[in-house]
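What follows is one structure encoded as structure tokens, with my remarks underneath.
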Amino acid sequence: MSASPSTRSTIIVWFRDDLRLSDNPALAEAVGTDCPVLPVFIQETRPKTLRPLGGAAKWWLHGSLKKLGRDLEKAGSRLVLLDGDPSELLPRLADEAEAQAVYWNRRYHPKACAADARLKSALKEQGLDVQSFNGSLLVEPWDVQTGEGSFYRVYSPFARAARQILDPGSPLPAPKKINAPKHWPDGCALDDLKLRPTKPDWAGGLRETWAPGEAGARERLAAFLDERLPRYKTHRDSPADEATSALSPHLRFGEISPRTVWSACSARAEDTDDSSLRGSAEKFQSELLWREFAYHLLYHLPPLEEGNVQSKFDDFPWAKTGTALSAWKKGRTGYPIVDAGMRQLWQTGWLHNRVRMIVGSFLTKDLLIDWHVGEDWFWDTLVDADAANNPASWQWVAGSGADAAPYFRVFNPVLQSKKFDPDGTYLRTFLPELAELPDEHIHEPWKAPPDILKAAGVTLGETYPEPVVDHGSARKKALAAYEEIKGQAA
3 MSASPSTRST
13 IIVWFRDDLR
23 LSDNPALAEA
33 VGTDCPVLPV
43 FIQETRPKTL
53 RPLGGAAKWW
63 LHGSLKKLGR
73 DLEKAGSRLV
83 LLDGDPSELL
93 PRLADEAEAQ
103 AVYWNRRYHP
113 KACAADARLK
123 SALKEQGLDV
133 QSFNGSLLVE
143 PWDVQTGEGS
153 FYRVYSPFAR
163 AARQILDPGS
173 PLPAPKKINA
183 PKHWPDGCAL
193 DDLKLRPTKP
203 DWAGGLRETW
213 APGEAGARER
223 LAAFLDERLP
233 RYKTHRDSPA
243 DEATSALSPH
253 LRFGEISPRT
263 VWSACSARAE
273 DTDDSSLRGS
283 AEKFQSELLW
293 REFAYHLLYH
303 LPPLEEGNVQ
313 SKFDDFPWAK
323 TGTALSAWKK
333 GRTGYPIVDA
343 GMRQLWQTGW
353 LHNRVRMIVG
363 SFLTKDLLID
373 WHVGEDWFWD
383 TLVDADAANN
393 PASWQWVAGS
403 GADAAPYFRV
413 FNPVLQSKKF
423 DPDGTYLRTF
433 LPELAELPDE
443 HIHEPWKAPP
453 DILKAAGVTL
463 GETYPEPVVD
473 HGSARKKALA
483 AYEEIKGQAA
């Protein structure tokens, strides 16, 4: 027999993409009532409301859940892990725990929004108080509107409008003590979720590179503010110069809130007379707003995740996949900047933003392979694979997204390499077979004289591949194909 609403006291806090204690509105609200709090995480394997995580993201999630569980234990609580359908598990858990309420932080994927709305109605019919909060964004997608009351399709006006209404406030502190329920329900063990690879264990590079969890996120933020922020604006496009924050996977899993990052960056800028540092802070915050823009588009344009925002691209003459795609995935295209990026992605589960644009342009413009194919590969290999940023960025590169302008933008991989990695430091890091080539030849080894190649131990077609395509010819072919659909109605 279920407990009556009057005898219930526990509040369930459903963790999703907010795996932290600090600045967690749902958790803070529950703890503030002084009621017992039951933290729960559900691996949503049924039904398929959300896209299943890729391998790298699952690896990260395991580490993040492990750290969250330890942090909760330090506060006198624990994390209950469940596997299945939230619409079945949460009502059952509420009865078992004699809960009076369920709190969570909002998601913005269209299917997840619809599922959450249905679940909220069902729980309310069960007599529960259900509340949701904004724990993931600086501004809600519906709060940033054009003068006509619509949503923005272009980043720059969106960012200007968002800055006008943005008032992040102070981040909420982590609770020092969380009241525990009288009885803990049964859950599953973390290993039962089968998030980590075993045979084979391909995650060695990820372990060497990352420290999932809230503590790791805060350490990375502190290091960024102290060491990288001063040169961020001038060096952010250089993949060899560690000038970016690399906070993206921590933000993706909510181990740190965008409000915490924004506020810390603002405080550092306000506490200095250095105009270049203030400029770097503003530029970095504009990148946080790019993340907001991706969620703005995801919320207002449901096709973003699965289809082309511009429907005219549905009939685009994409090439068939084959050996060229395999070469791209393995970092064997013959274009060093592309290959270095794809190998960095495979080894570390992450890729510098400038290089993401280069490899994305190469796939969609040089190889004319459908952006969905690249987005799928990124989804499986990125530790920061994100349902908004991943497809939004790929559609921006492909030209099929909300902003129609970039269709003609074709990155020249050689010029990009020479401009942003002039001395080849990034290339040598991930392409050791080219390490002995002089700076002037490492960006396009197929043009190096035979004696230079021989001295560097490079044999084209053997130790390093010949280019899979001629960029000049590929660019003309891509522009011709794009020109054909340019005038079609979106």
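For the sequence shown, position 115 matches number 117 in my numbering, and the numbering has no gaps at all. For glycine and all other residues, C-beta sits at the position ideal for the given N, C-alpha and C.
Note: residue 13 is bridge-paired with 39 and 103 in the DSSP secondary-structure output.
Uninterrupted alpha helix (DSSP H) stretches at least 4 residues long and entirely within the stretch 271 to 313 occur at 277 to 302, given in chain order. Residue 43 and residue 319 have their C-alpha atoms spaced approximately 43 Å apart. Burial of residue 118 is indicated by the presence of at least 16 other C-beta atoms within 10 angstroms of its C-beta.
When the beta-carbon positions are compared, residue 257 and residue 22 come within less than 7 Å of each other. Residue 376 and residue 393 have their C-alpha atoms some 10 Å from each other. DSSP lists no beta-bridge partner residue for residue 24. Pairing residue 63 with residue 197 gives a Cβ-Cβ distance under 7 Å.
The bridge partners DSSP lists for residue 84 are 44. Excluding its 5 nearest sequence neighbours in each direction, residue 219 has C-beta neighbours in its own chain below 6 Å: 252, 257 and 258, listed in chain order. Contact holds between the stretch 173 to 186 and the stretch 24 to 37, because three or more Cβ pairs, one in each stretch, are under 8 Å apart. The bridge partners DSSP lists for residue 131 are 103.
CA-CA distance, residue 299 to residue 449, rounds to 43 Å. Taking all protein chains in view, the Cβ of residue 276 is surrounded by fewer than 16 other Cβ atoms within 10 Å, so the residue is classified as exposed. The straight-line gap separating the alpha-carbon atoms of residue 189 and residue 134 is approximately 23 Å. Here DSSP, grouped into helix, strand and coil, assigns residue 462 to strand. Approximately 6 Å separates the beta-carbon atoms of residue 187 and residue 82; this is inside 8 Å, confirming the contact.
Close CB contacts of residue 316 within its chain, under the 8 Å cut and outside five residues either way in sequence, are with 309 and 310 (chain order).
Between the stretch 138 to 147 and the stretch 95 to 112 there are three or more inter-stretch CB-CB distances shorter than 8 Å, so the stretches are counted as touching. Here the alpha carbon of residue 442 sits roughly 9 Å from the alpha carbon of residue 420. Contact check for residue 147 and residue 96: beta-carbon distance about 36 Å, past the 8 Å limit, so the pair fails to qualify. Here residue 48 has 86 and 87 as same chain residues with Cβ atoms under 6 Å from its own Cβ, once five neighbours each way along the sequence are excluded.
With a minimum length of 4 residues, the unbroken runs of alpha helix (DSSP H) contained wholly in the stretch 126 to 195 fall at 157 to 167. DSSP places residue 487 within a helical segment (H, G or I) once states are collapsed to three. Counting other Cβ atoms within 10 Å of its Cβ, residue 404 reaches 16 or more and is therefore classed as buried.
The C-beta distance from residue 455 to residue 467 rounds to 13 Å, too long to meet the 8 Å contact threshold. By the C-beta criterion, the stretch 27 to 40 is judged not to be in contact with the stretch 228 to 247, since fewer than 3 inter-stretch pairs fall below 8 Å. Taking C-beta atoms under 8 Å as the contact rule, residue 271 and residue 423 fail to qualify, at a distance of about 29 Å. When the beta-carbon positions are compared, residue 177 and residue 266 stay at least 7 Å from each other. In the DSSP assignment, residue 251 falls within the alpha helix (DSSP H) that extends over 250 to 254. The three-state reading of DSSP puts residue 58 in helix, counting H, G and I together.
Beta-carbon to beta-carbon, residue 245 and residue 254 are separated by about 20 Å, too far to satisfy the 8 Å threshold. Within the same chain, 387 and 392 come within 7 Å of residue 380 by CB-CB distance, once the 5 residues on both sides are set aside.
In the three-state reduction of the DSSP assignment, residue 201 falls in the coil class.
Residue 180 is classed as buried because its beta carbon has at least 16 other beta carbons within 10 Å across all chains shown. Residue 353 carries a coil assignment under DSSP once its states are collapsed to helix, strand and coil.
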